[in-house]
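As you go down the protein sequences, you meet chains L and A in turn. The first sequence: position 317 = 336 (this note's numbering), numbered continuously. The second sequence: position 114 = 133 (this note's numbering), numbered continuously. Virtual Cβ for every residue (Gly too), placed ideally from N, Cα, C. Structure, as structure tokens:
2 protein chains.
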Amino acid sequence: MNSHIGPPRVTALEAKSLAQWIAFSPFIFQATVVMRDRGLLASVDAAGEAGIDAELLATQTGLSRYGVGVLLDFSVDIGLIDQVGDRYTLAKTGYFILNDEMTKVNMDFTRDVCYEALASLDDSLSDGKPRGLVALGDWENLYDGLTSLPGPASESWFRFDHFYSDRVFEEFLTIVFSSEVNEILDVGGNTGRWAKKCFAHDPNVKVTIMDLSQQLEVAAKDIKAAGYSERFNSYAFDVLRDDGAYYKGADVIWMSQFLDCFSEQEILKILSHAVEVMNQDTVLYIIELFWDRQKYDAARFSLNATSLYFTCVANGKSRMYHSETLRALIDQSGLVVEQDTDD
Amino acid sequence: MNSHIGPPRVTALEAKSLAQWIAFSPFIFQATVVMRDRGLLASVDAAGEAGIDAELLATQTGLSRYGVGVLLDFSVDIGLIDQVGDRYTLAKTGYFILNDEMTKVNMDFTRDVCYEALASLDDSLSDGKPRGLVALGDWENLYDGLTSLPGPASESWFRFDHFYSDRVFEEFLTIVFSSEVNEILDVGGNTGRWAKKCFAHDPNVKVTIMDLSQQLEVAAKDIKAAGYSERFNSYAFDVLRDDGAYYKGADVIWMSQFLDCFSEQEILKILSHAVEVMNQDTVLYIIELFWDRQKYDAARFSLNATSLYFTCVANGKSRMYHSETLRALIDQSGLVVEQDTDD
Numbered sequence: 020m021n022s023h024i025g026p027p028r029v030t031a032l033e034a035k036s037l038a039q040w041i042a043f044s045p046f047i048f049q050a051t052v053v054m055r056d057r058g059l060l061a062s063v064d065a066a067g068e069a070g071i072d073a074e075l076l077a078t079q080t081g082l083s084r085y086g087v088g089v090l091l092d093f094s095v096d097i098g099l100i101d102q103v104g105d106r107y108t109l110a111k112t113g114y115f116i117l118n119d120e121m122t123k124v125n126m127d128f129t130r131d132v133c134y135e136a137l138a139s140l141d142d143s144l145s146d147g148k149p150r151g152l153v154a155l156g157d158w159e160n161l162y163d164g165l166t167s168l169p170g171p172a173s174e175s176w177f178r179f180d181h182f183y184s185d186r187v188f189e190e191f192l193t194i195v196f197s198s199e200v201n202e203i204l205d206v207g208g209n210t211g212r213w214a215k216k217c218f219a220h221d222p223n224v225k226v227t228i229m230d231l232s233q234q235l236e237v238a239a240k241d242i243k244a245a246g247y248s249e250r251f252n253s254y255a256f257d258v259l260r261d262d263g264a265y266y267k268g269a270d271v272i273w274m275s276q277f278l279d280c281f282s283e284q285e286i287l288k289i290l291s292h293a294v295e296v297m298n299q300d301t302v303l304y305i306i307e308l309f310w311d312r313q314k315y316d317a318a319r320f321s322l323n324a325t326s327l328y329f330t331c332v333a334n335g336k337s338r339m340y341h342s343e344t345l346r347a348l349i350d351q352s353g354l355v356v357e358q359d360t361d362d
Numbered sequence: 020m021n022s023h024i025g026p027p028r029v030t031a032l033e034a035k036s037l038a039q040w041i042a043f044s045p046f047i048f049q050a051t052v053v054m055r056d057r058g059l060l061a062s063v064d065a066a067g068e069a070g071i072d073a074e075l076l077a078t079q080t081g082l083s084r085y086g087v088g089v090l091l092d093f094s095v096d097i098g099l100i101d102q103v104g105d106r107y108t109l110a111k112t113g114y115f116i117l118n119d120e121m122t123k124v125n126m127d128f129t130r131d132v133c134y135e136a137l138a139s140l141d142d143s144l145s146d147g148k149p150r151g152l153v154a155l156g157d158w159e160n161l162y163d164g165l166t167s168l169p170g171p172a173s174e175s176w177f178r179f180d181h182f183y184s185d186r187v188f189e190e191f192l193t194i195v196f197s198s199e200v201n202e203i204l205d206v207g208g209n210t211g212r213w214a215k216k217c218f219a220h221d222p223n224v225k226v227t228i229m230d231l232s233q234q235l236e237v238a239a240k241d242i243k244a245a246g247y248s249e250r251f252n253s254y255a256f257d258v259l260r261d262d263g264a265y266y267k268g269a270d271v272i273w274m275s276q277f278l279d280c281f282s283e284q285e286i287l288k289i290l291s292h293a294v295e296v297m298n299q300d301t302v303l304y305i306i307e308l309f310w311d312r313q314k315y316d317a318a319r320f321s322l323n324a325t326s327l328y329f330t331c332v333a334n335g336k337s338r339m340y341h342s343e344t345l346r347a348l349i350d351q352s353g354l355v356v357e358q359d360t361d362d
């Protein structure tokens, strides 16, 4: 890796502007959230190319003329809307804020799970603990509190988590079931969404989810509701425990967006323990998003931002990894990589 | 005003990236603060063109290798630093974050005064009250609490306030004292910095500060310490009160970055009451930053961001104005504009 990476070169004047953009970025964030949630972007969008003026926007949204005024003036500066004379039209960035599902999921996650917690980033880096988590509840790490997160945080966390996992499930079904599979061990199976996909895809496959006991309750309930209880098995186990053993007997072990929740040292331990319950024919799948493997700058940027969520909200020591880092840990654990596929 | 204003046109792909940048902007803000305050940017800067690697940065800053890693990867994405191989050098935006006084003042103000409060922007817009102020203390508006703000907020607020007022004082001394002046009425004189400039500039001039009583105490103390007590006069008055009268007798009335703290209706009242104590020869100076009068996009952007601080921290109803808005209020109050100067 010898080439320059990062955003394009900027002039000194542009850099000074960017520095102000960063210095005031919490203003940008909250103003944009309000422009979206109070219906201003939707009203501007509905007005099409003809545009709409501030008076009518105030009437349509129920906000004061003053409130609409400060939001509109700043929104032009940050590129959400365009102004021609006294009329406003939707700009491209505003279009994505309003309509793009990924953007919505990211923004709600930032607001409901991370905004307050991020103020503790410095403290979290000091002692390796997720110091911002206290904004959501009194747990040692986020996973202990996952089933009891307060309202908006819970919804936004799961929407964020599922958005990035669900979209790859279909593709992986084809890969996993290209060979005969009797039983899958889903490590950190969360709410059982992958398990349900497997049950639906193959009428004979069994799935065991190995996870923390409180998560298993949620998964078991959902899977029962979907009518798959008979082929489902719960195995309560904290992969960070040193005593006890992993579930044994599956011919496929599945770790999807799971290892990024742990430190390098922990990942090595998790993989090594997995090796203990594997035989020559067991296949271990590791599905991860690597920031060095992204085609688009925005994707790499989003993954590196997510690392800071792990730092100050989740557990203080995990992150979205560089693929070479994880590759080295896999090698060290004694596993052999048979296939390394980008989607 | 018929031309297009706002940021340059972007492609759809750039707009989608910008939308993610906004969605994750609180991450950008907090990571940048830590990069600055924990000495990472300074260490990268000191390494010059040769750059520095993550290991050495961890040693120099006392942060964990993990902590340095997540910060560096994200900092490359947001343009604070550049990466070549495993070495990091300072990028232009990082240079301004590290060295530019205005950027530092804006960033500290955002962090210490506004960050937490901004989460209440929506509520503030709903009822016209500064709902975020509760993060700093239990006052109806910021001015009531200005002399008792908690530590970092107090320092950052005054540094922000003074940075934008002090830089114009020297220039204005020449203008104000180009005619003979006996007494200046400084309306909303805050900590008395302009008064002290006047005392030092003209050995005969008297200054009366008209402000809330708690502010006057601070100003009086500072002015006494500077040895100007004999020519100084305190006049305690809340300009929003309907009873009582403004101080009468000054030949110059001075309102510097004062009117932006009020709603349009209040400004009209303030100006009209000022007219009552003026005679044919009294000169009223109004110094304001207007977002439509800025040469640079970044300046307009900063002023429109500051409006949202007024919305959710200061008093819920004031803002940085368009010059035409203030001009209309001046005309309505019966005042005549003799001179309208951009700096």
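Distance, Cα to Cα, T193(A) vs V226(A)? 17 Å
Alpha helix (DSSP H) segment containing L60(L), residue limits: Taken as a continuous stretch (DSSP letters only), the alpha helix (DSSP H) holding L60(L) covers 59-65.
Any C-beta of chain A sitting closer than 8 Å to the C-beta of N21(L)? Confidence is the limiting factor: at N21(L) the pLDDT is only 37, short of 50, which leaves the residue's position unreliable, though a coordinate-based value still follows. Answer yes: the Cβ-Cβ gap between N21(L) and chain A drops below 8 Å somewhere.
Roughly how many whole angstroms lie between the Cα atoms of G208(A) and D142(L)? 38 Å
How is A269(L) classed by DSSP in three states: helix, strand or coil? coil
Could you check whether the stretch 54-66 of chain L touches the stretch 136-153 of chain L, counting it as contact only if at least three pairs of C-beta atoms, one from each stretch, sit closer than 8 Å? no
At the 8 Å Cβ level, is P149(L) part of the contact set with chain A, yes or no? no
Unbroken alpha helix (DSSP H) run spanning S321(L), endpoints: 316-328
Using a threshold of 8 Å, state whether the C-beta atoms of E307(L) and L278(L) are closer than that. yes
Beta strand (DSSP E) segment containing L155(L), residue limits: No beta strand (DSSP E) holds L155(L); DSSP gives it neither H nor E.
Report, in whole angstroms, the separation of the C-beta atoms of D127(L) and S175(L), which I expect to be a contact under 8 Å. 4 Å
Residues of its chain near I305(L), where Cβ-Cβ distance is below 6 Å and the 5 sequence neighbours each way are ignored: M274
Reference T112(L), options R106(L), L322(L), K123(L), closest by Cα: K123(L)
Under the assumption that C331(L) contacts R84(L) (Cβ atoms under 8 Å), give the Cβ distance between them as a whole number of angstroms. Not quite, the Cβ-Cβ distance comes to about 39 Å (not below 8 Å), so this is no contact.
Taking Cβ to Cβ, would you say I203(L) is nearer than 8 Å to C217(L)? yes
Go to V52(L), then tell me how far its alpha helix (DSSP H) extends in each direction, as first and last residue. 44-56
Given a threshold of 16 other Cβ atoms within 10 Å of its Cβ, counted over all protein chains shown, does R28(L) qualify as buried or as exposed? When all chains shown are included, R28(L) counts as exposed.
Is DSSP giving R260(L) helix, strand or coil here? coil
With C-beta atoms as the reference, is A172(L) less than 8 Å away from V132(L)? yes
According to the neighbour-count rule (16 or more other Cβ atoms, all chains shown, within 10 Å of its Cβ), is N21(L) buried or exposed? Confidence in N21(L) is poor, its pLDDT being 37 and thus under 50, which makes the residue's placement unreliable; the coordinate value appears in the next sentence. Classification of N21(L): exposed, given that the 10 Å Cβ count is below 16.
Chain A within 8 Å of W176(L), Cβ atoms only: no
Based on DSSP bridge pairs, tell me the residues matched to R106(L). D72(L), V103(L)
Short of 8 Å in beta carbon distance, which residues of its chain neighbour V95(L), apart from the five on each side in sequence? Order them along the chain. Excluding residues within five positions, the ones whose Cβ falls inside 8 Å are D101, Q102, Y107.
Which residue marks the beginning of the beta strand (DSSP E) containing V87(L), and which one marks its end? Premise fails: V87(L) lies in the alpha helix (DSSP H), 84-96, not in any beta strand (DSSP E).
Does the stretch 276-290 of chain A come into contact with the stretch 338-351 of chain A, if we say contact requires no fewer than three beta-carbon pairs (one atom in each stretch) closer than 8 Å? yes
Just to confirm the assignment, what range does the alpha helix (DSSP H) spanning Y114(A) have? 111-118
Ignore the nearest five residues each way along the sequence and tell me which others in I116(L)'s own chain have a CB closer than 7 Å to its CB. T51, R55, L60, L99, T122
Cutoff 7 Å; reference L82(L); Cβ partners in own chain excluding five residues on either side: Closer than 7 Å at the Cβ level, and outside the excluded window around L82(L), lie R57.
Can W19(A) and D221(A) be called in contact, C-beta distance under 8 Å? The structure shown does not extend to residue 19(A), since chain A spans only 20 to 362, so no value can be given for it.
DSSP on K225(L), reduced to helix/strand/coil? Correct three-state label for K225(L): strand.
G86(A) at chain L interface by Cβ criterion, 8 Å: yes
What does the alpha-carbon distance come out to for the pair A38(L) and E120(A)? 11 Å
Please list, in chain order, the chain L residues whose beta carbon lies closer than 8 Å to that of L144(A). Those within 8 Å of L144(A) in chain L are V53, R57, L82, S83, G86, L90.
Would you call the CB atoms of T129(L) and A42(A) closer than 8 Å? yes
Within a Cβ cutoff of 6 Å, which residues of the same chain sit near Y266(A), ignoring the five residues on either side of it in sequence? L204, T227, M229, Y254
Would F93(L) and A34(A) be called neighbours here (beta carbons separated by less than 8 Å)? No, Cβ-Cβ distance for F93(L) and A34(A) is not below 8 Å.
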